[in-house]
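Engineer:
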Amino acid sequence: MSLPRHPFFEERCAGVLLHLTSLPDGGRSLSEACAFADWLASAGFRWWQMLPIGPLPDNSHSPYSAKSSFCRGDYLEGKWDAFRKHCQGLGIRLMGDLPIFVPADSDDVLEKPELFRLDNLGRPEVQTGVPPDCFSATGQLWGHPHYDWPAHRAENFEWWVRRIQTQLEWFDAVRVDHFIGFYHAYEIEGQAQTAESGSWQLAPGREILQALVDARLGGALPLVAEDLGLLTPEVDALRDDFGLPGMRLLQNGDELDEVFAVAYTGTHDNNTTLGWLDGFAERGLSSPFSSLGQALQTLWHSDPALAITPMQDLLGLGASARMNIPGAIVDQWAWKLPQGSLSIALADQIRERLDHAERLVTKL
Numbered sequence: 008m009s010l011p012r013h014p015f016f017e018e019r020c021a022g023v024l025l026h027l028t029s030l031p032d033g034g035r036s037l038s039e040a041c042a043f044a045d046w047l048a049s050a051g052f053r054w055w056q057m058l059p060i061g062p063l064p065d066n067s068h069s070p071y072s073a074k075s076s077f078c079r080g081d082y083l084e085g086k087w088d089a090f091r092k093h094c095q096g097l098g099i100r101l102m103g104d105l106p107i108f109v110p111a112d113s114d115d116v117l118e119k120p121e122l123f124r125l126d127n128l129g130r131p132e133v134q135t136g137v138p139p140d141c142f143s144a145t146g147q148l149w150g151h152p153h154y155d156w157p158a159h160r161a162e163n164f165e166w167w168v169r170r171i172q173t174q175l176e177w178f179d180a181v182r183v184d185h186f187i188g189f190y191h192a193y194e195i196e197g198q199a200q201t202a203e204s205g206s207w208q209l210a211p212g213r214e215i216l217q218a219l220v221d222a223r224l225g226g227a228l229p230l231v232a233e234d235l236g237l238l239t240p241e242v243d244a245l246r247d248d249f250g251l252p253g254m255r256l257l258q259n260g261d262e263l264d265e266v267f268a269v270a271y272t273g274t275h276d277n278n279t280t281l282g283w284l285d286g287f288a289e290r291g292l293s294s295p296f297s298s299l300g301q302a303l304q305t306l307w308h309s310d311p312a313l314a315i316t317p318m319q320d321l322l323g324l325g326a327s328a329r330m331n332i333p334g335a336i337v338d339q340w341a342w343k344l345p346q347g348s349l350s351i352a353l354a355d356q357i358r359e360r361l362d363h364a365e366r367l368v369t370k371l
């Protein structure tokens, strides 16, 4: 029997993807974050989506290398509750992001090593990644340790429940990154140098989600399944049985005809939409859209109830404003919102377009 769908994802509305570190001051001050929320509300948006907000190690700028699932980074002068209250007063909802795996040197692993598959030296006995494909002849080696599922099952997935519940204390909803990993995960020998010799192994995602439902005393889950890529009927069933919306990407050529879904022009791992469109011309190919404006209109007028746009697309920025290139090491995660770019004129223009697309919301 399927769980009910959360009403958050049945309201026709729009949102913006902007990580806290992309604010001009890197997300350090409460006032700047509140000012951005004010601008979102003035433009008629409902959602502000961020990337993971855990504390980062000194050697990484990637939000997905956070040292803890249970602590926030040094953002907003430590005044997160005041920030949430401000957003709630504007009718702005916050969406977080939960990586399905955690780094080997994270506090999560150090504090609960028995929940991970480690060797006697504390190194990953089995590590994560994805197999070779058209993008990489040797696959992707992420290096995160795999979970010891029998150990998690023995504690009735209490660590997982706490991990997700913690995020839901900070955000109104949470995107689950690499949702496919709740059904099966690609396992690679711990000391392997490539991902060529791994194998897919089943994961207890259904048990994890049911434990979360039980802990919340039933009801709909405010989670979004990042289900991009090659899926299986089993992954679709897991998502649908727990009433979760999946994701659709305009840049991927996905069909935007399902109401219960979250549609994007692109994500943090994609080029900006203008950069993507410019790439067709550079390769002498026909572009699927005549302009960035047409691409945005297509997204906003599409069927999915929630449509989210990276901030770079709203500003009409090209490839130089891209947030991340998967697999690249340097000059990633560095883009900042230009000072003075949040104009009243831009907000008014967007508000009119959202109104025409029947996505305009007012404060609740």
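Residue numbers (the working numbering): 8 to 371.
Where a beta carbon is used, it is the ideal one built from N, C-alpha and C, also for glycine.
1. Quick one: grab the DSSP three-state call for Cys78.
2. Looking at C-alpha atoms only, which residue of Pro131, Leu122, Glu176, Leu251 is the closest neighbour of Glu165?
3. From Asp285 to Gly300, what does the alpha carbon distance come to, in whole angstroms?
4. Excluding the 5 residues preceding and the 5 following His13 in the sequence, name in chain order all residues of the same chain whose CB lies nearer than 6 angstroms to its CB.
5. Following the continuous alpha helix (DSSP H) through Asp320, name the residue where it begins and the one where it ends.
6. By Cβ distance, which residues of its chain are closer than 8 angstroms to Pro345, with the 5 residues on each side in sequence left out?
7. Closest by CA to Val23, which one among Ala50, Ser113, Asn331?
8. I need the straight-line Cα distance from Ala42 to Leu349, nearest angstrom please.
9. How many whole angstroms separate the CB atoms of Leu4 and Ala312, which I take to be in contact at a CB cut-off of 8 angstroms?
10. Report the start-end ranges of each alpha helix (DSSP H) in the segment 87-170 that is 4 residues or longer and not cut off at the edges.
11. Considering only their Cβ atoms, is the gap separating Phe15 from Ala180 smaller than 8 angstroms?
12. Need the endpoints of the beta strand (DSSP E) that Glu214 sits in, please.
13. Suppose you measure from the CA of Phe108 to the CA of Phe178; what does that come to, to the nearest Å?
14. What residue does the beta strand (DSSP E) around Gln56 start on, and which one ends it?
15. If distances are taken between C-alpha atoms only, which option among Gln172, Tyr190, Arg358 comes closest to Asp247?
16. Please state if the CB of Thr279 and the CB of Leu303 are separated by a distance shorter than 8 angstroms.
17. Determine whether the beta carbon atoms of Leu257 and Ala270 lie at a separation below 8 angstroms.
18. In its own chain, which residues sit with a C-beta less than 7 angstroms from the C-beta of Val137, not counting the 5 before and 5 after it?
19. DSSP on Ala314, reduced to helix/strand/coil?
20. Tell me whether Tyr190 sits in a helix, a strand or coil according to DSSP, three-state version.
21. In this structure, how does DSSP classify Gln208 when only helix, strand and coil are distinguished?
22. Distance check for Ser143 and Ala326, CA to CA, integer angstroms please.
23. Which same chain residues end up closer than 7 angstroms to Asp88 when comparing Cβ atoms and leaving out the 5 residues on each side of it in sequence?
24. Report the three-state DSSP secondary structure of Ala288 (helix, strand or coil).
25. Going straight from the alpha carbon of Arg182 to that of Ser69, what length do you get?
26. Suppose contacts are defined by Cβ-Cβ distances below 8 angstroms. Is Val266 in contact with Asp310 by that definition?
27. Bridge partners for Met330 per DSSP, in chain order?
28. Could you tell me how far apart the beta carbons of Asp115 and Ser76 are, in whole angstroms, since I believe they sit closer than 8 angstroms?
29. With a Cβ-Cβ cutoff of 8 angstroms, do Glu214 and Arg160 count as a contact?
30. Please list, in chain order, all residues of the same chain as His93 whose beta carbon is under 7 angstroms from its beta carbon, the five residues on each side excluded.
Structural biologist: Based on what the coordinates show:
1. coil
2. Leu122
3. 13 angstroms
4. Ala227, Pro229
5. 318-321
6. Pro31, Leu322
7. Ala50
8. 9 angstroms
9. The question about residue 4 has no answer here: the residues shown for the chain are numbered 8 through 371.
10. 87-97, 114-118, 156-161
11. yes
12. Glu214 -> not in any beta strand (DSSP E); alpha helix (DSSP H) instead, spanning 212-222.
13. 19 angstroms
14. 54-56
15. Tyr190
16. no
17. yes
18. Gly146, Gln147, Tyr193, Ala202
19. strand
20. coil
21. strand
22. 22 angstroms
23. none
24. helix
25. 17 angstroms
26. yes
27. DSSP output for Met330 lists no bridge partner at all.
28. 5 angstroms
29. yes
30. Cys41, Ala44
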